[in-house]
Amino acid sequence: MQRRDFLRGLSAAAASAIVVSPSVSFAADEKPQGSNALSYKEALAAVTGGKTPEVSKKVALKVPEIAENGAVVPVTVEVDHPMNEDDYVKSIHIFATKNGNSRCVDAHLSPANGKAMLSTRVKLGETQEVAALVELSNGTFLIASQSVKVTIGGCG
Amino acid sequence: MSKRKTLIKVKPNKFKNGDIVKVSFMVMHPMETGLRKDKKTGKYIPAEYIKNVKFEYNGKVFTNMNVWETLSVNPVLTTYMKVDGEGTIKVTFTDNEGTVEESSQKIKPKG
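What follows is the structure, encoded as structure tokens:
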């Protein structure tokens, strides 16, 4: 009888532990928000000022389709547009749509560049789309995006 | 804080006046988001990232970048530039704490 009682007590203790443990782990998993956190929609609206960007083939976005390591994902944006004094690419923005802070780089170019290109490496927290927004000097916005599969997240 | 290691690369090696060359800027920087925990102490590592990178050629700004903490560790930023005679490329970068550092590279077109 003693042994039976002991086992009963053990199982009860285990059950209570199972009930308690999820709440504890959830509390630990809560991630803090970064001070620069901004969603993709808000970031896009802040740059375009409410205008809808046009999906264009002039913007060539080069990103690997599968990134094994999300901490280092090479991104290259090239724009097929002349860089004259009165008609040039004003800026190139790179967004990671599902990162806490979706903004990566805002590059402001000038006619002295000769060629509109921006290349860098970004961190991606999870599988998501990478978007490149381009502003021309006449005020129009062009956009291109591609999804990237991330096997190991790179943030936090 | 000690000065960070930087590197400015111009490609290709040989170029003429009026050519368009690739300018890469690399900096050894941790780019901490402030959301990562130290495994030993369990405390958050304070944020430390670059905010702004400015490319100048003979005192004239040709590319100005606003950068966020979502860039990878030791970031590399590449852009193009039109060569217009002998001169220096100066890159100035600003930290999230307002520390400004700069590095420069002299270029000499041939022919």
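One line per chain: the protein sequences are A and B, in this order.
For the record, in the first sequence the residue sitting at position 94 is 94 according to our numbering, with numbers rising by one throughout.
Our numbering runs 1000 ahead of the 1-based position in the second sequence.
We put the beta carbon where it would ideally sit given N, CA and C, even for glycine.
Quick caveat, the model's predicted, so the values are computed rather than measured.
Whole-angstrom distance between residue j and residue i, CA atom to CA atom
i           : j           : result
Ser-102(A)  : Ala-144(A)  : 15 Å
Lys-1090(B) : Ile-152(A)  : 36 Å
Asn-69(A)   : Ala-96(A)   : 15 Å
Asn-1066(B) : Lys-1110(B) : 33 Å
Met-83(A)   : Glu-129(A)  : 28 Å
Ala-27(A)   : Gly-125(A)  : Because the pLDDT of Ala-27(A) is 46, which lies under 50, any placement of that residue in the model is unreliable, and the number read from its coordinates should be weighed accordingly. Straight-line Cα distance between these residues: approximately 20 Å.
Ser-39(A)   : Ala-45(A)   : 10 Å
Ser-1024(B) : Asn-1096(B) : 22 Å
Gly-1059(B) : Thr-1088(B) : 8 Å
Thr-140(A)  : Asp-1038(B) : 45 Å
Val-47(A)   : Ser-11(A)   : 59 Å
Lys-41(A)   : Thr-1099(B) : 31 Å
Lys-115(A)  : Thr-1041(B) : 48 Å
Ala-132(A)  : Ser-1104(B) : 29 Å
Val-226(A)  : Val-122(A)  : This structure cannot settle anything about residue 226(A), because the visible part of chain A is limited to 1 through 156.
Thr-1079(B) : Ser-91(A)   : 12 Å
His-108(A)  : Ile-1045(B) : 31 Å
Val-150(A)  : Ser-1072(B) : 15 Å
Asp-87(A)   : Val-1053(B) : 24 Å
Gly-34(A)   : Val-1083(B) : 40 Å
Phe-1093(B) : Glu-1048(B) : 13 Å
Per-residue contacts from residue i into chain B (C-beta, under 7 Å)
i         : result
Val-72(A) : Ser-1072
Ala-96(A) : Thr-1070
Residues that residue i contacts on chain A, provided the C-beta gap is smaller than 7 Å
i           : result
Ile-1020(B) : Gly-114 and Lys-115
Leu-1007(B) : In chain order: nothing, as chain A lies at least about 15 Å away.
Val-1076(B) : Thr-120 and Arg-121
Environment of residue i [buried if 16+ CB atoms lie within 10 Å]
i           : result
Asp-106(A)  : buried
Gly-1085(B) : exposed
Phe-1055(B) : buried
Thr-1063(B) : buried
Asn-99(A)   : buried
Val-1021(B) : buried
Thr-120(A)  : buried
Met-1028(B) : exposed
Val-55(A)   : exposed
Val-63(A)   : buried
Leu-7(A)    : exposed
Asn-1017(B) : exposed
Gly-49(A)   : exposed
Ala-67(A)   : buried
Ser-147(A)  : exposed
Glu-1069(B) : buried
Glu-1102(B) : exposed
Asn-113(A)  : buried
Val-24(A)   : Only weak support exists for where Val-24(A) lies, its pLDDT of 46 falling under 50; the value from the coordinates is given anyway. Exposed, because fewer than 16 other Cβ atoms sit within 10 Å of the Cβ of Val-24(A).
Closer than 8 Å at the beta carbon, the chain B residues around residue i
i         : result
Asn-99(A) : Thr-1070
Residues that residue i contacts on chain B, provided the C-beta gap is smaller than 9 Å
i         : result
Gly-34(A) : Thr-1033, Gly-1034, Leu-1035, Ala-1047 and Glu-1069
Closer than 8 Å at the beta carbon, the chain A residues around residue i
i           : result
Lys-1082(B) : Ala-112, Asn-113 and Gly-114
Thr-1099(B) : None at all; the shortest Cβ gap to chain A is about 18 Å.
Thr-1092(B) : Within 8 Å Cβ-Cβ: nothing; Thr-1092(B) doesn't reach chain A, min ~14 Å.
Phe-1041(B) : As written in the sequence, residue 1041(B) is Thr, which differs from the Phe given in the question. By Cβ distance, chain A contributes nothing, its closest Cβ being about 15 Å from Thr-1041(B), past 8 Å.
Residue i beta carbon near the ligand FMN (any heavy atom closer than 8 Å)
i         : result
Leu-61(A) : With respect to the ligand FMN, the structure offers nothing, as it holds no ligand at all.
Cross-chain neighbours of residue i in chain A, by beta carbon under 9 Å
i           : result
Thr-1088(B) : None at all; the shortest Cβ gap to chain A is about 15 Å.
Exercise. Only counting runs of 4 or more residues, tell me where the alpha helix (DSSP H) segments fall wholly within the stretch 99-130 of chain A, in order along the chain.
Key: none
Practice problem: For the stretch 103-125 of chain A, enumerate the residues whose C-beta is nearer than 8 Å to any C-beta of chain B, in chain order. | Solution: Arg-103, Cys-104, Val-105, Asp-106, Ala-107, His-108, Leu-109, Ser-110, Ala-112, Asn-113, Gly-114, Lys-115, Ala-116, Met-117, Leu-118, Ser-119, Thr-120, Arg-121, Val-122 and Lys-123
Exercise. Report the residues of the stretch 1044-1066 of chain B with a CB closer than 8 Å to any CB of chain A, ordered along the chain.
Key: Result list: Tyr-1044, Ala-1047, Tyr-1057, Lys-1060, Val-1061, Phe-1062, Thr-1063, Asn-1064, Met-1065 and Asn-1066.
Quiz prompt | 3-residue-minimum beta strand (DSSP E) runs that sit fully inside the stretch 32-78 of chain A, ordered along the chain | solution = 59-62 and 66-69
Quiz item: Which runs of the beta strand (DSSP E), 3 residues or longer, sit entirely within the stretch 1006-1088 of chain B?
Solution: 1006-1011, 1020-1027, 1050-1057, 1060-1067 and 1076-1082
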